[in-house]
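Notes follow the structure.
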Amino acid sequence: MIKTLLNSFILFFAFSAYSQMDCYLGIGGKDDETIKKVFKLDSLQVEKMRNWGAELKYRNSFLINQADNLLKRHEESSPEVLMTMSHQYKKLLDSMQSNLRMLDKRMLGIFNEEQYNLYVMLCNQIANSPLYPTVPVNEK
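Offset between the sequence shown (1-based) and my numbering: plus 129.
Below, the structure written as structure tokens:
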């Protein structure tokens, strides 16, 4: 019963954390090769994407460990404790999403105007809001 309740809380917060309408590139994930091909990245952009993807994995590894430990510590906890734990878990998920957003914005900052316009067009096609780059695209 408690385990089912815990899983329900986790699923609820996982979906609510990722149901944003922002349009993420998702660097550092399984789609890096697709990003490279779709946006026709040059070698410098590919290198930076790989480095930032590694940074994302490093940053999130600590948060993932905290989340795993949180789940292990509260497997058999009362519903009240599980509710508190679910809020802590959501904060960890939000931090992971913030890391993704920050590094995607960095990547968008090194896009040229044509690449950024393609990104905006693709985001609009799926009715998501494009992110604004950390550094304006036309100021490179």
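C-beta atoms are modelled at their ideal positions from N, C-alpha and C, and glycine is treated no differently.
What you are looking at is a predicted structure, and each value in this text was computed from that prediction instead of being measured.
Query                                                                                                           : Result
C-alpha gap between residue 251 and residue 153, whole angstroms                                                : 11 angstroms
Sequence-distant residues of its chain with Cβ nearer than 7 angstroms to residue 259 (five each side left out) : 152, 248, 249, 252
Own chain, CB closer than 7 angstroms to residue 184, minus 5 neighbours either side, in chain order            : 232
CA-to-CA distance, residue 243 to residue 224, given in whole angstroms                                         : 31 angstroms
Contact set for residue 257: own chain, Cβ-Cβ below 7 angstroms, skip 5 residues either direction               : 150, 151, 152
Distance, residue 216 Cα to residue 235 Cα                                                                      : 29 angstroms
Identity of the residues DSSP links to residue 151 by a beta bridge                                             : 258
Alpha-carbon spacing of residue 263 relative to residue 197, whole angstroms                                    : 31 angstroms
8 angstroms contact criterion, which residue 189 and residue 228 should meet: CB distance rounded               : 6 angstroms
Alpha helix (DSSP H) runs contained entirely in the segment 209-234, provided each spans 4 or more residues     : none
CA nearest to the CA of residue 177, picked from 238, 208, 201, 209                                             : 238
Whether residue 206 touches residue 214 by CB criterion (8 angstroms)                                           : yes
Limits of the unbroken alpha helix (DSSP H) element including residue 166                                       : 161-167
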